[in-house]
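**Student:** Attaching a single structure in structure tokens format; questions to follow.
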Amino acid sequence: MALTRLDVSTLYKQPPPPFGHPLRNYFALDREYVNLNHGSYGSTPLPVLQAANDLTLQIERNPDHFLRLLYQPILDGTRERLANLIGAKANEVVLVANASLGVNTILRNFEWAKDDTLIVTTSTYGSVYKTAFSISDSSPNPKVSVFNLKFPTTHAEIISNFREHIRSLPKPEGSKRVAVIDSIVSNPGVLLPWKELVKICKEEGVWSLVDAAHSIGQEVGINLTEAAPDFWISAYQITYCLPQNAHKWLYAKRSCAVLYVPERNQHIVKTSIPTSHTYISPKDRKGPNFVEQFEWNGTIDFVPYLTVPAALDFRNWLGGEEKINNYCHSLALEGGQRLAKILGTRVIDPNGDLTMNMVNVELPFPGTILWSLEIDRKLKQKLLEERKMYSAHFYHNGKWWTRCSAQIYTELTDFEKLGKAWLEVIKEVQDELEKKLEA
Numbered sequence: 043m044a045l046t047r048l049d050v051s052t053l054y055k056q057p058p059p060p061f062g063h064p065l066r067n068y069f070a071l072d073r074e075y076v077n078l079n080h081g082s083y084g085s086t087p088l089p090v091l092q093a094a095n096d097l098t099l100q101i102e103r104n105p106d107h108f109l110r111l112l113y114q115p116i117l118d119g120t121r122e123r124l125a126n127l128i129g130a131k132a133n134e135v136v137l138v139a140n141a142s143l144g145v146n147t148i149l150r151n152f153e154w155a156k157d158d159t160l161i162v163t164t165s166t167y168g169s170v171y172k173t174a175f176s177i178s179d180s181s182p183n184p185k186v187s188v189f190n191l192k193f194p195t196t197h198a199e200i201i202s203n204f205r206e207h208i209r210s211l212p213k214p215e216g217s218k219r220v221a222v223i224d225s226i227v228s229n230p231g232v233l234l235p236w237k238e239l240v241k242i243c244k245e246e247g248v249w250s251l252v253d254a255a256h257s258i259g260q261e262v263g264i265n266l267t268e269a270a271p272d273f274w275i276s277a278y279q280i281t282y283c284l285p286q287n288a289h290k291w292l293y294a295k296r297s298c299a300v301l302y303v304p305e306r307n308q309h310i311v312k313t314s315i316p317t318s319h320t321y322i323s324p325k326d327r328k329g330p331n332f333v334e335q336f337e338w339n340g341t342i343d344f345v346p347y348l349t350v351p352a353a354l355d356f357r358n359w360l361g362g363e364e365k366i367n368n369y370c371h372s373l374a375l376e377g378g379q380r381l382a383k384i385l386g387t388r389v390i391d392p393n394g395d396l397t398m399n400m401v402n403v404e405l406p407f408p409g410t411i412l413w414s415l416e417i418d419r420k421l422k423q424k425l426l427e428e429r430k431m432y433s434a435h436f437y438h439n440g441k442w443w444t445r446c447s448a449q450i451y452t453e454l455t456d457f458e459k460l461g462k463a464w465l466e467v468i469k470e471v472q473d474e475l476e477k478k479l480e481a
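Residues are numbered in the working numbering as their position in the sequence shown, beginning at 1, plus a constant of 42.
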């Protein structure tokens, strides 16, 4: 369904369609494609795409006029709306290109010493995990401590083990410790008790950096003023101080993320990355310089940042955050159980305590077959190219799993189709591996 300009102008005066396949008409997805991997890259609704295209044309008609006079007020309005959504002040919220950049901005602004410790987990997102070791490999070589986080598990076990891990770390006088905490892990796609972990960090004198790439648009009722992480980032096409990708679960155009740094910690972030022309040396500052540095730190395509209001308008038309997430959460729980039954396996979280809008189901693929580029490519090709569907797959704790994202345009039948496809694909890959061994 290609929405015309007239359709968009009158759309929000009409009641929205029911959730499920009728809403596919409001996304640009191929008709035959079954998308159960919204969590990786998101999918932008057509009204938001149209808003993005309109902005692009407006910029190109007179770049100087837009970027020198019109851009700033729109950006300020975007930050205001995001701040309201996540329970923060507007002067504590800035936009960055993606969550990985947000994490790097925070971690590389700390003044590290050799006795300092950077804490990550075995489930920390790959590029963030490698960032910690990159910092450790550079002088003055702070240490990296890895908290072992394996699933299935429970929130109670995670909280207890995390506290024990923190207390086991040496803390030389004058040293600092910084913990990177996922709000929702990428693989497996599970909710962590991040607010409780932030509280432990506060009690133990540890800085908390929350990687919330999957939170905004999936986790309802975020109140950062109350939760009080030291930093938070999230992606908002929607899946860090709490950076969040808005292009995952929030339906904005990819890629963009929101970075939250409370006023009390803005002295830590001395510079944006890259450094902005508005940078003022800390010794010369007479007031705050945080927000200004992120308003323009190099010429980029600012359109994704500015589509956030259009994404929020679309979500409000659908019924708001609770209605959207109630549907997606219920579908994730039911779809996961149905998929597990078809595959003859189990969900990673039988009680549903760790499940938001992504559900993780064990694949009937032998755990003795380890992950490799060859197998990874085979699985992707057979699902994406031959069967026109996809759900993320990964190897964790000696098992193969698939992570399925429930969305407003998916239904239970999509999980059923996926289950049949996975059975076919796994058999084909096993047969090919056996033939290769026989050759």
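No residue lacks a Cβ here, since even glycine has one placed at the ideal position from N, Cα and C. What you are looking at is a predicted structure, and each value in this text was computed from that prediction instead of being measured.
Using three-state DSSP, classify THR281 as helix, strand or coil.
**Tutor:** Unreliable placement is indicated for THR281, whose pLDDT of 34 sits below 50; the coordinate value is still reported in the next sentence. Here THR281 sits in coil by DSSP.
**Student:** If you run the structure through DSSP and keep just helix, strand and coil, what is LYS185?
**Tutor:** LYS185: strand per DSSP, three-state reduction.
**Student:** From the DSSP output, read off the bridge partner residues of HIS319.
**Tutor:** According to DSSP, which records beta bridges pairwise, HIS319 is partnered with nothing at all.
**Student:** Please report the Cβ distance between VAL32 and ALA352, rounded to the nearest whole angstrom; I am assuming they are in contact, meaning their Cβ atoms lie under 8 Å.
**Tutor:** This structure does not reach residue 32, given that the chain is present from 43 up to 481, and the question cannot be answered.
**Student:** Thinking just about the alpha-carbon of each residue, which of GLU74, ASN393, ILE161 and VAL333 is nearest to the one in GLU122?
**Tutor:** Ranking GLU74, ASN393, ILE161 and VAL333 by Cα distance to GLU122 puts VAL333 first.
**Student:** Just verifying my parser: in three-state terms, what is the DSSP assignment at GLU404?
**Tutor:** Strand at GLU404.
**Student:** Tell me the DSSP secondary structure of LYS237 in three-state form.
**Tutor:** Helix at LYS237.
**Student:** Between the beta-carbon of GLY377 and the beta-carbon of PHE436, is there less than 7 Å?
**Tutor:** No, the Cβ-Cβ distance between GLY377 and PHE436 is not below 7 Å.
**Student:** Using only alpha-carbon positions, find the residue among LYS192, ASP157, THR163 and THR195 that is nearest to SER178.
**Tutor:** That would be ASP157, whose Cα lies nearest to the Cα of SER178.
**Student:** Entirely within the region 219 to 273 and at least 3 residues each: give me those beta strand (DSSP E) ranges in chain order.
**Tutor:** Fully enclosed beta strand (DSSP E) runs of 3 or longer: 219 to 224 and 249 to 253.
**Student:** In the DSSP output, what is THR444 paired with across the bridge?
**Tutor:** For THR444, which the question treats as bridged, DSSP gives the partners VAL403 and HIS435.
**Student:** I'd like the ranges of any alpha helix (DSSP H) spanning at least 4 consecutive residues and lying wholly in the region 327 to 355.
**Tutor:** Here the runs fully enclosed are 332 to 337 and 345 to 348.
**Student:** Quick check: ILE390 and ASN402, are their CB atoms within less than 7 Å of each other?
**Tutor:** Cβ atoms of ILE390 and ASN402: closer than 7 Å.
**Student:** Which residue marks the beginning of the alpha helix (DSSP H) containing ILE366, and which one marks its end?
**Tutor:** ILE366 -> alpha helix (DSSP H) spans 363 to 385.
**Student:** Counting along the chain, where does the alpha helix (DSSP H) carrying VAL467 start and finish?
**Tutor:** Note, VAL467: alpha helix (DSSP H), 454 to 480.
**Student:** Would you give the residue range spanned by the alpha helix (DSSP H) that ALA299 belongs to?
**Tutor:** Run containing ALA299: none in the alpha helix (DSSP H); it sits in the beta strand (DSSP E), 299 to 302.
**Student:** Can you name the start and end residues of the alpha helix (DSSP H) that THR147 belongs to?
**Tutor:** Note, THR147: alpha helix (DSSP H), 141 to 149.
**Student:** For TYR432, which of LEU460, TRP442, LYS441 and TYR451 has the nearest alpha-carbon?
**Tutor:** Of the candidates LEU460, TRP442, LYS441 and TYR451, the one whose C-alpha sits nearest the C-alpha of TYR432 is LEU460.
**Student:** The beta strand (DSSP E) that contains VAL488, what's its start and end?
**Tutor:** Nothing can be reported for residue 488, as the shown portion of the chain is limited to 43 through 481.
**Student:** Classify ILE275 as buried or exposed, calling it buried when 16 or more other Cβ atoms lie within 10 Å of its own Cβ.
**Tutor:** Buried, because 16 or more other Cβ atoms sit within 10 Å of the Cβ of ILE275.
**Student:** Can you tell which of VAL50, LEU385 and ASN140 has its C-alpha closest to the C-alpha of GLN92?
**Tutor:** Nearest C-alpha to GLN92: VAL50.
**Student:** Determine the direct distance from the alpha carbon of HIS80 to that of ASP118, and round the result to whole angstroms.
**Tutor:** Those two C-alpha atoms are separated by around 28 Å.
**Student:** With a threshold of 16 other CB atoms inside 10 Å of the CB of ASP253, please say whether the residue is buried or exposed.
**Tutor:** Buried, because 16 or more other Cβ atoms sit within 10 Å of the Cβ of ASP253.
**Student:** Compute the Euclidean distance between the alpha carbons of PRO285 and ALA141, then round it to the nearest angstrom.
**Tutor:** Its pLDDT being 37, under 50, PRO285 is placed unreliably in this model, and the value from its coordinates should be taken loosely. Distance between the alpha carbons of PRO285 and ALA141: 5 Å.
**Student:** Does the region 240 to 254 come close enough to the region 179 to 186 to have 3 or more Cβ pairs within less than 8 Å?
**Tutor:** In short, these stretches do not touch, since the Cβ pair count stays below three.
**Student:** Based on the DSSP secondary-structure assignment, which residues constitute the bridge partners of ASN203?
**Tutor:** Beta-bridge pairing links ASN203 to no other residue.
**Student:** Any contact between the region 230 to 239 and the region 197 to 209? By contact I mean 3 or more CB pairs, one from each, below 8 Å.
**Tutor:** Touching, per the Cβ criterion.
**Student:** With three or more C-beta pairs closer than 8 Å as the rule, is the region 92 to 102 touching the region 347 to 367?
**Tutor:** Counting Cβ pairs under 8 Å, three or more are found: they touch.
**Student:** Going by Cα to Cα distance, which pick from ASN358, ASN399, GLU428 and GLU427 is closest to LYS55?
**Tutor:** Closest by alpha carbon: ASN358.
**Student:** Between the beta-carbon of LYS192 and the beta-carbon of ASN439, is there less than 7 Å?
**Tutor:** Yes, Cβ-Cβ distance for LYS192 and ASN439 is below 7 Å.
**Student:** When the distance is taken between beta carbons, is GLN335 closer than 7 Å to THR349?
**Tutor:** Their beta carbons are not under 7 Å apart, which means THR349 does not touch GLN335 by this criterion.
**Student:** If you draw a straight line from the C-alpha of LYS131 to the C-alpha of ALA125, how long is it?
**Tutor:** In a straight line, the C-alpha of LYS131 is about 6 Å away from that of ALA125.
**Student:** State yes or no: is the C-beta of MET400 within less than 7 Å of the C-beta of ARG445?
**Tutor:** Contact flag set, yes.
**Student:** Since ASN151 contacts LYS365 with CB under 8 Å, what's their CB separation in whole angstroms?
**Tutor:** About 39 Å; that fails the 8 Å criterion.
**Student:** Whole angstroms are fine: how far does the CA of GLN308 sit from the CA of ILE322?
**Tutor:** ILE322 and GLN308: Cα-Cα distance of roughly 13 Å.
**Student:** Residues bridged to LEU160 by DSSP?
**Tutor:** Paired residue(s): VAL186 and VAL220.
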